[in-house]
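Colleague: Attaching a single structure in structure tokens format; questions to follow.
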């Protein structure tokens, strides 16, 4: 289990919860609700539109958009954390054995 990957995922989850909390408490301000609801998935949505998935995204509800856009983000964040963990572990192993990672 990657502690760094888990930390990245929990940080993203916290950002989602904070933004959705702000969106739900923006009573009477639909623009504010929309802005706060889209912040956690805005980059992924832009990337998907750039790949030509704009029409498909336009038909999604907010829960579906979060499922399709944030779900893979959690996987990616965990994978990045795992790679960082493995890199740090290997560098530490090389240093203990007195070898250079560049060799």
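In my numbering, the protein residues as written are 16 to 118. Glycine is no exception: its CB is placed at the ideal position from the N, C-alpha and C atoms.
#1: Could you tell me the alpha carbon to alpha carbon distance between residue 34 and residue 106, rounded to whole angstroms?
#2: Measuring only the C-alpha atoms, how far is residue 99 from residue 19?
#3: Can you tell me whether residue 51 is buried or exposed, with buried defined as 16 or more other CB within 10 angstroms of its CB?
#4: Can you tell me where the alpha helix (DSSP H) with residue 16 in it begins and where it stops?
#5: When we look at the beta-carbon of residue 23 and count the other beta-carbons within 10 Å, is it buried (16 or more) or exposed?
Modeller: Taking the definition as stated:
#1: Roughly 37 Å separates the two Cα atoms.
#2: Going from the Cα of residue 99 to the Cα of residue 19 covers about 7 Å.
#3: buried
#4: Careful: residue 16 lies outside any alpha helix (DSSP H) and carries neither H nor E.
#5: Buried is the call here.
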